[in-house]
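Data first, discussion second: the structure below is written as structure tokens.
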Amino acid sequence: MNTKVKDEAARRLSTGVIDLIRVIEQLRRESAARQGFSDLEFRVLIRIATLGTASPEEVARERGLSGADVQVEIDDLVDSGYVVRTKDGTYAATPAGEKIARAAVDGLTSTVAAALGPASDDEAQQLVLLVDLTTRMLSQSLEGSGS
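This is the structure:
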């Protein structure tokens, strides 16, 4: 593939990834609102549930947020019974918090499955492989750049 073709492919892939992120963020915001959470509160809960346990600093660093903002959301989640403080000072989702995080993933899965409905099994599998490959290549690129 020549440089001009690669540059065009990179531009189209970048645009597609940005569009995909926008759609997923919209789905997450809608899911948060349906369940009575702010977007930030929902993001913090899902991340803690995904990690198992996490400190506010870990969640803040991974989400590009301030530690103080994350701590406020964690405090609200603790008060609501969705997160608990562990003995080592980290936080973990309660069964109720884990249920909400699972429902968020299940909701996204259902939306994607519905969108894939018209695709053949081969097309769906190719799409999965393409997303996996793109994610792996971009992750390796980030690791190589020291980001």
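Position 74 of the sequence shown, counted from 1, bears residue number 115 in this note's numbering, the numbering being contiguous throughout.
Where is the CB? At the ideal position from N, CA and C, for every residue including glycine.
The structure displayed is predicted, hence computed values, not measured ones.
Using CA coordinates, which residue listed in the options is at the minimum distance from residue i?
i: Ala-134; options: Gly-122, Gly-57, Ala-145; result: Gly-122
i: Val-172; options: Lys-45, Ser-55, Thr-44; result: Ser-55
i: Lys-128; options: Thr-94, Gly-138, Leu-157, Gly-148; result: Thr-94
i: Leu-68; options: Glu-49, Ser-151, Gly-185, Gln-166; result: Ser-151
i: Arg-70; options: Ala-51, Val-146, Ala-156, Gln-181; result: Val-146
i: Gln-76; options: Val-64, Arg-143, Val-169, Asp-110; result: Arg-143
i: Gly-105; options: Met-178, Ala-160, Arg-84; result: Arg-84
i: Glu-191; options: Val-153, Val-124, Met-178; result: The requested residue 191 does not occur in the structure, where the chain is confined to residues 42 to 188.
i: Ser-96; options: Arg-126, Ile-59, Gln-181, Ala-160; result: Arg-126
Under a three-way DSSP split, which group does residue i fall into?
i: Thr-131; result: coil
i: Gly-148; result: helix
i: Gly-108; result: helix
i: Ser-180; result: helix
i: Ala-160; result: coil
i: Gln-67; result: helix
i: Ser-79; result: coil
DSSP has residue i in a bridge; who is on the other side?
i: Val-125; result: Ala-133
i: Ala-95; result: Tyr-132
Considering only residues of the same chain and omitting the five flanking positions on each side of residue i, which have a CB-CB separation below 7 Å?
i: Ser-79; result: Ala-73
i: Glu-103; result: Arg-88
i: Glu-98; result: Gly-108
i: Ala-165; result: Leu-157
Among the residues of its own chain, which have a CB less than 6 Å from the CB of residue i, if the five just before and after it don't count?
i: Leu-174; result: none
Output yes if chain C places a C-beta closer than 8 Å to the C-beta of residue i; else output no.
i: Glu-164; result: Note that chain C does not occur in the displayed structure, where there is just one protein chain.
Starting from the C-beta of residue i, find all residues in its chain whose C-beta is less than 8 Å away, skip the five residues before and the five after it, and write them out in chain order.
i: Ala-101; result: Ser-107, Gly-108, Asp-110, Val-111
i: Gly-148; result: Leu-68, Ser-72
Does the pairing of the segment 71 to 89 with the segment 105 to 122 give three or more beta-carbon distances under 8 Å? yes
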